[in-house]
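Counting from 1, one number per residue, gives the positions in the first sequence under my numbering. The next block holds one structure in the form of C-alpha cells; read it before the comments.
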Amino acid sequence: MSEPRHKSIDEQLAYIHKGAAEIIPETELRAKLEQSAKSGKPLRVYLGVDPTAPDLHLGHTVVLRKLKHFQDMGHTAIFLIGDFSAMIGDPTGQSETRPPLSREQVDANAQTYLAQVYKILDPEKTEVRYNSEWLGKMSSYDVVRLCGHYRLARMLEREDFRSRLEKNLPISVHELLYPLLTACDAVELKSDVELGATEQKFNILVHREIQREYGLSPQVVFTMPILVGLDGAKKMSKSLGNYVGINEPPKDMFGKLMSISDDLMWSYYELLTDFAPPVIVRLKEEVRTGVLHPMDAKMQLAHTIIANFHGEAAARSARDEFQRVFRDRQSPEDAPVRKLPRGAPKRLSALLVELNLAPSRAEAERLIKQGGVEIDGQRVDDVKHEIDLSRPGSRFLLRAGKKKFLRIIVD
RNA sequence: GGACGGGUGGGUGAGUGGCUAAAACCAGCAGACUGUAAAUCUGCCGCUCCUUGCGGGCUACGGAGGUUCGAAUCCUCCCCCGUCCA
C-alpha cells in the first residue's frame, strides 16, 4: 500500500459531496476524515449488495462511483457481497423468501458481478467480503441476542413497512430481520462509512445503531439518490426495462442515453460523470440561453459515460454511428449480422418472431401493419409479405421499430 | 381458533349468468411531428391459423370440481391475503 496522497479535508469533502443525497451526520464524516488524516489510517467505507441481479446497469453505478471516490482518496473500499442476506431479500413490498443460493450460484454471480464492478473500482485496492462468512455461522442464540438490540416500534418506522401496514398489505416477519442481519456486516467490518442508495437509508441507520450497541464507533450513513430510468419517471431497473446495462454495446448505450428527456440529462451528468459541479452548472446555463443545443449536451453526456466503460474510441464510433443512422438517416454500418439457412420463402411476420424482433406473430403483424418494418430502407406494410430465402449469399437489412436493425444473410 | 372483507389481463381497477378477449386509466408498441428528447395527435395493445376478414380456432378473471343451452359472474371444497376478536 503506497502512502495515499491525501487532499485537504475540505477538498475531500467537496469531492465526496457531489451528488450525495444525505450524509448523516455530516459533522462526523469530517471528524472521521480528520482523524484519518492525522493517524494515516484510511477510512473503511463499504457498500453491500445482494448478488441476485448479476447484470449491472447505470443505476447501480451511482453508488459504486461514490465508493470509487473514497477509494481514489486513499480510503479502503469494501465491496460486500450479501450472499447470505440475499436469501431474505430486502423488503420490497412483494417480498418473498428466496431459496438460499447454492455455493456455485453465489460464486458464479459474484464473479460476473465483480467483473463488472471492476470497471469502476480498482481491483487491486478493493476489499471483497461475503457476509455468509459470519452470518452463516450464527446460531439461533446469536440471532435472538441480536434481535434483542432493536425495538419493534423502531422497525415499523420504516416507510415501506408503515405504508404496507396502512394499506393492509402483508409484511412477513422475516423481513424485519433483514436490517438486523445486515447490521452484522457493519459490525464485522468495523466500517466508518456505509454507502447506499436513499432507499437504503433506513437499513444503514439501523446498522449504525447496532454498531453502537456492540460498542463500536458508529458509521456515517452516506446515501446517493436513486437514478431515474430512461422513462424519466421510475427508478432505473431491469424489470421496468428503462435501463442501460454497463455491458451493452456502445451503440445501444448511445441510443438509449439519447432518448432520455432533456431535464433528466442533468441528473445523469451529476450522478454518472466526473464533471465538476460548476462545469455542469455552466453547461446548463449554456443550454438555457441557447448557446448550446440540448442535443449536443446530451451527446456529450452519452459520449462521456460510454467512454468510461468502453474507452474513448468506442464512444466516438458510437457517436458517429448514431449521427449517421439517425441524423443523416443512413443505414447502420455494422448492424448485427444474422445468417439464415437457405429454404422456402417465409412470411415476414414469422421471420420477425424467429429473429426475436417481435415476441409473437400477433405483435409482428401489428408492427408490419403499422409501418414499423423496413427492408433495405423500404417500408413493408403488407402482412402477407414473404421473404425469399432461396438464393445463397443474398442479403438485406431489416429494420423493426425505431432501433432494431439486423443484417440478414442467406447461407 | 372465531367473525368479516378480499384474490380480474404487465399495473390500478370496473364488471354479479349471455350483447365480455373482458370498461376505464396507466404502462407498452407503431406512425406523424421532432433533436430517435419532451409535449401533442393517430392507431394498436392474449395466443394462433389462414383465403388478413368488422374471419376461424384456442386460452384467460386464485385452484379444483359442479349447476346451466351458456359462468369472471351461481354452488361446493381447497389455497392465498387483510381487518377485528382471542
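The beta carbon of each residue, even a glycine, is placed where N, CA and C say it ideally should be. Nothing here was measured: the structure is a model prediction, and the numbers come from that model.
According to DSSP, which residues form a beta bridge with E285?
Walking along the first sequence from the start, residue 285 turns up at place 285. Answer is none; E285 lacks a bridge partner.
Could you tell me the alpha carbon to alpha carbon distance between L205 and R154, rounded to whole angstroms?
Stepping through the first sequence from its first residue, residue 205 is reached at position 205. Stepping through the first sequence from its first residue, residue 154 is reached at position 154. Roughly 11 Å separates the two Cα atoms.
Reference V221, options I16, Y15, I23, I9, closest by Cα
The residue labelled residue 221 in the question sits at position 221 within the first sequence. When only C-alpha atoms are compared, the closest one is I23.
Please give me, in chain order, every unbroken run of the alpha helix (DSSP H) with length at least 4 that falls completely inside the segment 341 to 410.
348 to 354, 361 to 369
Identify the residues that DSSP records as bridge partners of L47: which are they?
Within the first sequence, the letter at position 47 stands for residue 47. Partner(s): F79, L195.
Check whether the Cβ atoms of R414 and S349 lie closer than 7 Å to each other.
Because residue 414 is not part of the residues shown, which for the chain are 1 to 411, the question remains open.
Nearest-angstrom beta carbon gap, P54 and N109 [assumed within contact, 8 Å]
For the purposes of this step, residue 109 is taken as residue 109 along the first sequence, with counting starting at 1. For the purposes of this step, residue 54 is taken as residue 54 along the first sequence, with counting starting at 1. 5 Å between Cβ atoms; contact.
Of the residues R162, G196, Y214, the one placed nearest R145, counting alpha carbons only
Residue mapping note: residue 145 aligns to position 145 of the first sequence, counting from 1. For R145, the nearest C-alpha among the options comes from Y214.
Rounded straight-line distance, which links the Cα of A20 to that of Q300
Start at 1 with the first residue of the first sequence, and residue 300 comes out as number 300. Start at 1 with the first residue of the first sequence, and residue 20 comes out as number 20. Answer to the nearest angstrom: the Cα atoms are 23 Å apart.
Scan the segment 167 to 245 and note each continuous beta strand (DSSP E) run of 3 residues or more that stays entirely inside, going in chain order.
193 to 197, 220 to 224
Can you look up R154 in the DSSP assignment and give me helix, strand or coil?
Taking the first residue of the first sequence as 1, we reach residue 154 at position 154. DSSP places R154 in helix when its eight states are reduced to three.
So what's V291 in DSSP terms, helix, strand or just coil?
Numbered from 1 along the first sequence, position 291 holds the residue referred to as residue 291. Note: V291 maps to coil in three-state DSSP.
Spatially closest choice to K235 from V106, I81, A197, A315, by CA coordinates
One-based indexing of the first sequence puts residue 235 at position 235. Comparing Cα-Cα distances from K235 to each of V106, I81, A197, A315, the minimum goes to A197.
Would you grab the beta carbon distance between A302 and L257 for me? Rounded to a whole angstrom, and I think it's under 8 Å.
To locate residue 302, count along the first sequence from 1; it is residue 302. To locate residue 257, count along the first sequence from 1; it is residue 257. Sure, about 4 Å apart at Cβ, within 8 Å.
Is Q111 buried or exposed, if buried means 16 or more other CB atoms sit within 10 Å of its CB?
Start at 1 with the first residue of the first sequence, and residue 111 comes out as number 111. The residue is exposed, with fewer than 16 neighbouring Cβ atoms inside 10 Å.
Can you check which of these residues, A37, H60, K137, C147, is closest to Y113 by C-alpha distance?
Residue 113 sits at position 113 when you count from the first residue of the first sequence. Looking at the Cα atoms, H60 is the closest of the given residues.
Could you check whether the segment 122 to 142 touches the segment 156 to 175, counting it as contact only if at least three pairs of C-beta atoms, one from each stretch, sit closer than 8 Å?
no
Please report the distance separating the alpha-carbon of A276 from that of H17.
Against the first sequence, residue 276 aligns to sequence position 276. Against the first sequence, residue 17 aligns to sequence position 17. Between A276 and H17, the C-alpha separation is close to 11 Å.
Assuming contact is defined by CB atoms lying nearer than 7 Å, are D388 and P341 in contact in what I supplied?
Along the first sequence, read from residue 1 onward, the residue named residue 388 stands at position 388. Along the first sequence, read from residue 1 onward, the residue named residue 341 stands at position 341. Taking 7 Å as the Cβ cut-off, D388 and P341 do not qualify as a contacting pair.
Between the Cα of L156 and those of Y141, T289, L177, spot the shortest distance and give me the residue it belongs to.
By one-based count along the first sequence, residue 156 stands at place 156. Ranking Y141, T289, L177 by Cα distance to L156 puts L177 first.
Beta-carbon proximity of R208 to Q219, cut-off 7 Å
By one-based count along the first sequence, residue 208 stands at place 208. By one-based count along the first sequence, residue 219 stands at place 219. Contact flag set, yes.
Close beta carbons around V63, own chain, < 7 Å, minus the five adjacent residues each side:
For this step, residue 63 is matched to residue 63 along the first sequence. Hits under 7 Å: L47, L195, G196, A197, M224.
Can you give me the start and stop residues for the alpha helix (DSSP H) that V325 sits inside?
Locating residue 325 in the first sequence gives position 325, counting from the first residue. First-last for V325: undefined, no H or E at that position.
Return yes when the Cβ of L58 is within less than 7 Å of the Cβ of V244, no when it is not.
Counting from 1 along the first sequence, the entry for residue 244 is found at position 244. Counting from 1 along the first sequence, the entry for residue 58 is found at position 58. Yes, they are a contact pair.
When DSSP labels each residue in this structure, what does R329 get in the three-state scheme?
As a first step, residue 329 must be located in the first sequence, where it is residue number 329. It is coil, neither helix nor strand.
Could you tell me which of Y118, I120, I81, P123 sits nearest to V106, measuring between CA atoms?
Taking the first sequence and counting its residues from 1, one reaches residue 106 at position 106. Of Y118, I120, I81, P123, the residue nearest in Cα terms is I81.
Per DSSP, what kind of secondary structure is H149 in: helix, strand or coil?
Position 149 of the first sequence, counted from the start, is the residue given in the question as residue 149. If DSSP states are grouped into helix, strand and coil, H149 belongs with coil.
Tell me whether M253 is buried or exposed, calling it buried when 16 or more other Cβ atoms sit within 10 Å of its Cβ.
Position 253 of the first sequence, counted from the start, is the residue given in the question as residue 253. Looking at its Cβ environment, which holds 16 or more other Cβ atoms inside 10 Å, M253 is buried.
If we ignore side chains and look at the alpha-carbon of each, how far apart do E11 and E188 end up?
Within the first sequence, residue 11 is the residue found at index 11, counting from 1. Within the first sequence, residue 188 is the residue found at index 188, counting from 1. Approximately 30 Å between the Cα atoms of the pair.
Thinking I120 and R164 are a contact (beta carbons under 8 Å), I'd like their distance in whole angstroms, please.
Numbered from its first residue, the first sequence carries residue 120 at position 120. Numbered from its first residue, the first sequence carries residue 164 at position 164. That pair is no contact at about 34 Å.
Given F396, which residues of its chain have a CB within under 7 Å of its CB, disregarding the five upstream and five downstream residues?
For this step, residue 396 is matched to residue 396 along the first sequence. Cβ within range, chain order: I375, D376, I408.
Are there three or more Cβ pairs, one per stretch, closer than 8 Å when the segment 66 to 86 is compared with the segment 178 to 187?
yes
First and last residue of the beta strand (DSSP E) that includes T126?
Here the question's residue 126 lines up with position 126 in the first sequence. It spans 126 to 130 - the beta strand (DSSP E) in which T126 sits, taken as one unbroken run.
Under 7 Å Cβ to Cβ from T304, same chain only, skipping five residues before and after it: list those, please.
The count along the first sequence starts at 1 and reaches residue 304 at position 304. T273, listed in sequence order.
From E28 to E363, what distance separates their C-alpha atoms?
For the purposes of this step, residue 28 is taken as the residue at position 28 of the first sequence. For the purposes of this step, residue 363 is taken as the residue at position 363 of the first sequence. Each residue's alpha carbon lies about 57 Å from the other.
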